[in-house]
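This report concerns only the one structure given below.
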Amino acid sequence: MLGATGYISSLLMPAIQASAGSSLVAVASRDRRGAEAVADRFGCRAQPDYAALVADPDVDAVYVPLPNTEHLEWTLRALAAGKHVLVEKPLVLRGADFARIADAARAADRLVMEAFMYRFHPQQARAAALLAEGAVGPLRLVRASFAYPIASGSGNIRLDPALGGGATWDVGVYAVDVACAAFDRAPLTVSGQSTVRPGESVETSLAGVLDFGDGRRAVLDYSIDYGPCAEYQLQGESGTIVVPNAWAKDGEPGGVIVRTEKETWSEELPVVDHYQLQVEAFVEAARAGAASPLPLAASERTGRVAAALQAAAADATPVTVAAFSW
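Structure follows, in structure tokens:
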């Protein structure tokens with residue numbers, strides 16, 4: 001584990017420890033004392049720095065939850081050391097960097113996967129199955145909202161442009177990923193309006209429209225100005241599938257609600273740790289030499305659309321996604 005923050009030690013490390021087929025071996029942090037304290041807590045060893053952890057012969061895979069601007073470097077360094085890599089979203093911030101990672105992963109014959117933990121919660125599969133079964137008819141519209149407030153002056157890295165901050169690369173990529181996954185393609189064009197909170201240098205809220213053609217669209221809003229809100233809806237021609245707790249926290253139940261003209265019903269799903277399910281899916285694929293549960297092509301698609309939406313909102317001009325260079 002590259003990092004020892006409260007987020008990492010409260011959610012990711014327990015998930016690794018609880019996962020079948022893997023164990024937590026080592027942790028490294030810029031704060032060596034912090035790393036040692038976390039290592040004592042989880043019964044693993046503290047490496048003096050990131051480079052030492054990546055070089056550790058007992059480590060088979062590395063989790064990279066560092067600031068967005070550091071994902072590329074440490075993913076490439078881990079691959080060069082022969083490690084599989086699970087990387088926090090967004091995987092990278094530029095399209096050219098996806099190619100570098102894909103080439104390095106092929107050369108090393110190692111798995112790289114973006115850590116979109118929500119995709120591994122059973123409620124996502126259930127919503128997709130209901131849509132595929134025709135419960136609400138053909139999909140016409142996706143509505144997705146994800147917001148929670150981050151205070152100015154908090155020192156949060158999500159407000160630092162030098163570290164790849166901004167609402168788009170934090171909460172926005174979830175909403176974009178939901179829409180692209182639901183339609184199983186990238187949109188043709190995107191447009192939006194964004195807000196930069198006074199005193200900040202990154203977009204802190206954005207509302208956008210993704211046009212998938214033939215009258216199919218996604219309407220997204222995401223923010224670090226307000227909240228909380230974490231819901232998406234799959235609007236079909238004859239009804240709506242609602243996932244009201246789309247990015248469920250550990251210990252919270254999941255579920256779906258289906259509304260049609262004739263009836264409304266809800267399904268509650270068992271409480272699960274989707275961080276653990278994510279780790280187990282990653283580990284299983286890495287051990288078997290199988291394809292990634294979340295292919296790099298899907299991550300590149302989400303990153304491209306998110307960057308295009310960010311640019312469209314900043315310039316107040318619609319962007320054609322296929323021609324967008326990021």
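Position 80 of the sequence shown, counting from 1, maps to 80 under the UniProt record's numbering, and the rest follow consecutively. Idealized CB from N, CA, C, for every residue including glycine.
query                                                                                                              : result
Helix, strand or coil at Thr302 according to DSSP, with G and I counted as helix                                   : helix
Uninterrupted alpha helix (DSSP H) stretches inside the region 74-130 (no shorter than 4 residues)                 : 95-108
Contact between the region 81-91 and the region 110-124 (3+ Cβ pairs under 8 Å)                                    : yes
CB of Ala28 within 9 Å of CB of Leu11, strictly                                                                    : no
CB of Ser152 within 9 Å of CB of Gly199, strictly                                                                  : yes
Delimiting residues of the beta strand (DSSP E) encompassing Cys229                                                : Cys229 to Gly236
C-alpha distance - Ser266 paired with Gln123, whole-angstrom precision                                             : 12 Å
Helix, strand or coil at Phe212 according to DSSP, with G and I counted as helix                                   : strand
Lys83 classed as buried or exposed, judged by whether at least 16 other C-beta atoms fall within 10 angstroms      : buried
Expected contact under 8 Å - CB spacing of Ile224 and Asp170 to nearest Å                                          : 6 Å
Euclidean distance between Cα positions of Arg195 and Ser22                                                        : Looking at the sequence shown, residue 195 is not Arg but Thr. The alpha-carbon atoms of Thr195 and Ser22 are separated by roughly 42 Å.
Burial state of Arg94 (16 or more Cβ within 10 Å)                                                                  : exposed
Nonlocal neighbours in the same chain, by C-beta distance under 7 Å from Val59, ignoring five residues either side : Val25, Ala26, Leu53 and Lys83
Extent of the continuous beta strand (DSSP E) run through Gln193                                                   : Thr189 to Thr195
As assigned by DSSP and simplified to three states, the class of Trp326                                            : coil
Which residues DSSP lists as bridging Val146, in chain order                                                       : Reading off the sequence, residue 146 comes out as Phe, not Val. In the DSSP output, where bridge partners are listed per residue, Phe146 has Tyr222 and Ala230.
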